[in-house]
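Structure record follows, encoded as structure tokens.
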Amino acid sequence: MSKYVNYVFLVILVLALAGGPALGKEASLTRAEIKDGWILLFDGESMFGLSQEGAVTWRIADGSLLADGSGAGYLRTNSAFSDFVLKMDVRMPSAGADAALYVRTGKDSVPTDNGYQIRIGDGNPNWPAGSIVPRSKSSPAHPQAGQWHSLEVDAEGDRLTVMIDQKTVAQAKDASARSGYIGLKVGPGAALEVRNLKLKLLNTLALFNGNDLTGWKTVTPPPRTEKPSKLKKLIPFAGGGKPNVKESAWSVKSGTIHGEKGPGQLETVSAYDDFVLQFAVPPSPRKQGHHTIYLRGDAGKVFTGYEIVLDADRPGAIAPKLAAPRKIVSVAELAVGTVAVSGRHLAVWVNGFPTTEFTDTRPEGASTAQNARTLTGAIALPLHDSSASADYTEVRLTTVTRPLGGIMGKPLPPPTPAVASVQPGGAPVVPVSPEARQEAENRKQSARLMEAALATKNLEEQKNLYRRVVELDPNNAAAVQGYKEAQEKLEKRAEEAQRQANLQIQNQQNESTGQAALQKAETAFVLGNLPAAESQLALAERLAPNSPAVRELRLKLDAVRAQNQRIRYLLFGGGFLAVGGLSSLGFIRLRKKHGFVQVVSGMDNGRRYNLDREVVRIGAVAEDNGEKNDIIVRDVEHMVSRFHCEIHQDKGKFYLMDCNSANGTRIDKRPVLPEQFTRLKNGSRIELASSITLLFGLERRRKNGSSDRQYTRQMSSG
-14 MSKYVNYVFL
-4 VILVLALAGG
6 PALGKEASLT
16 RAEIKDGWIL
26 LFDGESMFGL
36 SQEGAVTWRI
46 ADGSLLADGS
56 GAGYLRTNSA
66 FSDFVLKMDV
76 RMPSAGADAA
86 LYVRTGKDSV
96 PTDNGYQIRI
106 GDGNPNWPAG
116 SIVPRSKSSP
126 AHPQAGQWHS
136 LEVDAEGDRL
146 TVMIDQKTVA
156 QAKDASARSG
166 YIGLKVGPGA
176 ALEVRNLKLK
186 LLNTLALFNG
196 NDLTGWKTVT
206 PPPRTEKPSK
216 LKKLIPFAGG
226 GKPNVKESAW
236 SVKSGTIHGE
246 KGPGQLETVS
256 AYDDFVLQFA
266 VPPSPRKQGH
276 HTIYLRGDAG
286 KVFTGYEIVL
296 DADRPGAIAP
306 KLAAPRKIVS
316 VAELAVGTVA
326 VSGRHLAVWV
336 NGFPTTEFTD
346 TRPEGASTAQ
356 NARTLTGAIA
366 LPLHDSSASA
376 DYTEVRLTTV
386 TRPLGGIMGK
396 PLPPPTPAVA
406 SVQPGGAPVV
416 PVSPEARQEA
426 ENRKQSARLM
436 EAALATKNLE
446 EQKNLYRRVV
456 ELDPNNAAAV
466 QGYKEAQEKL
476 EKRAEEAQRQ
486 ANLQIQNQQN
496 ESTGQAALQK
506 AETAFVLGNL
516 PAAESQLALA
526 ERLAPNSPAV
536 RELRLKLDAV
546 RAQNQRIRYL
556 LFGGGFLAVG
566 GLSSLGFIRL
576 RKKHGFVQVV
586 SGMDNGRRYN
596 LDREVVRIGA
606 VAEDNGEKND
616 IIVRDVEHMV
626 SRFHCEIHQD
636 KGKFYLMDCN
646 SANGTRIDKR
656 PVLPEQFTRL
666 KNGSRIELAS
676 SITLLFGLER
686 RRKNGSSDRQ
696 YTRQMSSG
């Protein structure tokens, strides 16, 4: 029974993958899930936000991710997470498939012991489905082949819990990895199908408590001084200009942060580095208001850092003009934004749907308008002008610690502080330590190396520069991606060079083999062995199709074959034609028709002449200089020439030739060219010099020389 189920599943999988473009069905969340903070890691119709590694190609069909069993491979998220609940549905054609889920992993191409490995199938008898390798062996779950099963993982602090079909099957406590990516791994030949892949953050820090603005402070733009008027310049005691300051006003109304009377911003007292942030604003039924949030901004300065937009016209955009949303998600009824920030990588979800992804490959700098920024910074809620207002119902986050991933059983190195210490009423103060100074120096050097890597056109040099950046900063996503792309380009270049070399060798071999085949074909052709010549010539044509010698031999061989074919046809049909010809000759001769001409217009109207000779001459005189006419015609105007024309008979057919007559000859009113034969048909009218008209006719005659018509008259009179 299990074999039958496996077969049916594989047939369905092949049918889903066949037929060209992948078929997708957009995934979705319920309104309650969106409000509760759930996001989709797979949108059901594209690979957006995911990266593939290994031989297997992940495909999409009917809203599911498919690993077709073509080889080992790995698929992971581009965003990193720390504490979360992860849910998905899985299906396998074989319960013993070698498949696993990885959480909190580093950026290994195909992880082995990095992060937490959770078995999906029963491919490893020591660690059945649901096991947390190598910490916790699951209680027997044994997912059925070809059926959908729910899989849930709770990663909270150092505790992991795994549930299959809503039943807890494994638990573990391990502090090896605190943050990292989420991935799916399949072994060689393993097939896996995944759908409804979604995540909810746990242990989030509420930056807004719902009651007051504790942890926030107001920041206004630098004051502008009015220029003194000409009158004030002339009258010194009139005083100088007054500061032009309009402070934004921020308050809490009905559990909502409300800002008005800008410009200015409300920013956090603390600074943050890598994190996953969720914020909510009131729904926008129309394109009005301006709801954005700044990340990694400069403390005490307005409108700095990466700006995430949650307006109705472009929800999910990363300003200024860094990334546009790939899809406009409606915020008319619900407006919740999620932003994952790790190193140089930013990803945005709107109402749980992944809309935007951006990796900042620019050199490190202070202003995100021109440079990338990976340093800690404030989170700010802005008001860009005095007429604007803004409302925020929720702002919370969970930090993503560095380094990402970790090996189970090995303690983590001290993490880079994600939240800076704060002096009362002042700006954030980050403690300066030798490690921090070294990190700052590494980042400066990384920025210089990144700038050099982006400027060079030498792939080998670019690869080495990116490698040095990664050595200094392993979490530099742009450098890792750049190194990978440079490596792939170098490999493709090497593959192309090898392909060209192999092609050249193959062409040389083909040329040599083709020349040998041509020589054999020519020898067989000379000896008359046409089948052998054809076989060798076909090989030569395949290996050297453009050779003139090959084409020449093909023409000769085809000509000989055609000649032999004609000879066979002649030999085969010759006897039949001979017998048929002899048998029909008598009939033809019995039925032979004799020609005649009859004057139908002229002096001898009605007179008839039989055409009993092979050549019958027609003219106006009987004889001249030894030449005679067989038919003498007379006309009053003497327009007919002395030797006007001739009628020739050949195999029962009659032809007329004009003998360069003075006034020409016409057949059925068409002029006849001199000294050219024109065939006569039964009933043709011959006009001689437009003066005499002869009617040409055909008739059968009996042995006594009388025609059928004469014989009929004789019989009737007797």
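If you're matching positions, the sequence shown starts at -14 in my numbering and goes up one per residue. Glycine residues also receive a C-beta, built at the ideal position from the N, C-alpha and C atoms. Given the structure is predicted, the values throughout are model-derived calculations rather than measurements.
(message) In this structure, how does DSSP classify residue 435 when only helix, strand and coil are distinguished?
(response) helix
(message) Going by DSSP in three states, residue 647 sits in which element: helix, strand or coil?
(response) DSSP places residue 647 in coil when its eight states are reduced to three.
(message) Using 8 Å as the cut-off, can you tell me whether the region 355 to 375 makes contact with the region 301 to 316, which would need three or more C-beta pairs spanning the two stretches below that distance?
(response) no
(request) Could you tell me which residues DSSP pairs with residue 241 in its beta bridges? (result) DSSP output for residue 241 lists 238 as bridge partner(s).
(message) If you measure between the beta carbons of residue 134 and residue 80, is that distance less than 8 Å?
(response) no
(request) Evaluate residue 629 with the Cβ neighbour count: other Cβ atoms within 10 Å of its Cβ, from every protein chain shown; 16 or more gives buried, anything less gives exposed. (result) buried
(message) Determine whether the beta carbon atoms of residue 167 and residue 136 lie at a separation below 8 Å.
(response) no
(message) On a Cα-Cα basis, can you pick out the residue from 515, 622, 66, 673 that is closest to residue 659?
(response) 673
(message) Pull the bridge partners of residue 634 from the DSSP assignment, please.
(response) 639
(request) Return the CA-CA distance between residue 376 and residue 243, expressed in angstroms with no decimal places. (result) 5 Å
(request) For residue 411, count neighbouring Cβ atoms within 10 angstroms of its own Cβ and tell me buried if that reaches 16, exposed if not. (result) Residue confidence is low: residue 411 scores 44 on pLDDT, short of 50, so the model does not pin down where it sits. Its coordinate-derived value is still stated next. Label assigned to residue 411: exposed.
(message) Whole angstroms are fine: how far does the CA of residue 518 sit from the CA of residue 505?
(response) 7 Å
(message) Cutting at 7 Å between CB atoms, please list the residues of its own chain near residue 82, excluding the five before and the five after it.
(response) 106, 108, 175, 176, 177
(request) Go through its chain and collect everything with a Cβ distance to residue 237's Cβ below 8 Å, but skip five positions before and after it. (result) 195, 196, 197, 198, 243
(message) One question on the structure: do residue 246 and residue 25 come within less than 8 Å of each other, judged by their Cβ atoms?
(response) no
(message) How far does the alpha helix (DSSP H) with residue 327 in it extend, from its first residue to its last?
(response) Careful: residue 327 lies outside any alpha helix (DSSP H), inside the beta strand (DSSP E) at 321 to 327.
(message) Runs of 3 residues minimum, wholly inside the region 537 to 561: which ones carry the beta strand (DSSP E) assignment?
(response) none
(request) Given a cut-off of 8 Å, decide if residue 495 and residue 529 are closer than it, judged by their beta-carbon atoms. (result) yes
(message) If I measure Cβ to Cβ from residue 185 and keep anything under 7 Å in the same chain, skipping five residues before and after, which residues do I get?
(response) 21, 22, 23, 69, 70
(message) So, under 8 Å CB-CB, residue 357 and residue 64 are touching, yes? Tell me the CB distance rounded to an integer number of Å.
(response) The Cβ separation is near 17 Å, so there is no contact.
(request) Could you spell out the range, first to last residue, of the beta strand (DSSP E) harbouring residue 12? (result) Residue 12 -> no beta strand (DSSP E), and no H or E assigned at all.
(message) Determine whether the beta carbon atoms of residue 61 and residue 163 lie at a separation below 8 Å.
(response) no
(message) Assuming residue 166 is part of the beta strand (DSSP E), what are its boundary residues?
(response) Counting along the chain, the beta strand (DSSP E) containing residue 166 begins and ends at 166 to 171.
(request) Give the DSSP-derived three-state secondary structure of residue 180 in the structure shown. (result) strand
(message) Only counting the same chain, and skipping five residues up and downstream in sequence, which positions put a Cβ closer than 7 Å to that of residue 669?
(response) Result list for residue 669: 652, 653, 681, in chain order.
(request) Take residue 612 as the anchor and find which of 461, 283, 603, 191 has the nearest alpha-carbon. (result) 603
(request) Determine, using beta-carbon pairs with one atom in the region 382 to 391 and one in the region 142 to 155, whether at least three such pairs fall under 8 Å. (result) Result no; under three Cβ-Cβ pairs closer than 8 Å.
(request) Would you list, in sequence order, the uninterrupted beta strand (DSSP E) runs of no fewer than 3 residues that lie entirely inside the region 265 to 292? (result) 277 to 282
(message) Whole angstroms are fine: how far does the CA of residue 499 sit from the CA of residue 390?
(response) 59 Å
(request) Could you say which of 331, 625, 598, 599 lies nearest to residue 606 if we only look at CA atoms? (result) 625
(request) Identify, in the order they occur along the chain, each residue of the same chain with its Cβ nearer than 7 Å to the Cβ of residue 143, setting aside the five sequence neighbours on each side. (result) These residues qualify, in order along the chain: 158, 159, 160.
(message) By the three-class DSSP mapping on this structure, what secondary structure does residue 105 have?
(response) Secondary structure of residue 105 (DSSP, three-state): coil.
(request) Output the distance between the C-alpha atoms of residue 404 and residue 482, rounded to the nearest integer angstrom. (result) Any answer about residue 404 is weak, because its pLDDT of 45 lies below 50 and its placement is not dependable; what the coordinates show is given next. Those two C-alpha atoms are separated by around 51 Å.
(request) Specify, as a first and last residue, the run of the beta strand (DSSP E) that residue 49 falls within. (result) 49 to 53
(message) For residue 586, report the span of its alpha helix (DSSP H) as first-last.
(response) Run containing residue 586: none in the alpha helix (DSSP H); it sits in the beta strand (DSSP E), 578 to 586.
(request) With a threshold of 16 other CB atoms inside 10 Å of the CB of residue 239, please say whether the residue is buried or exposed. (result) exposed
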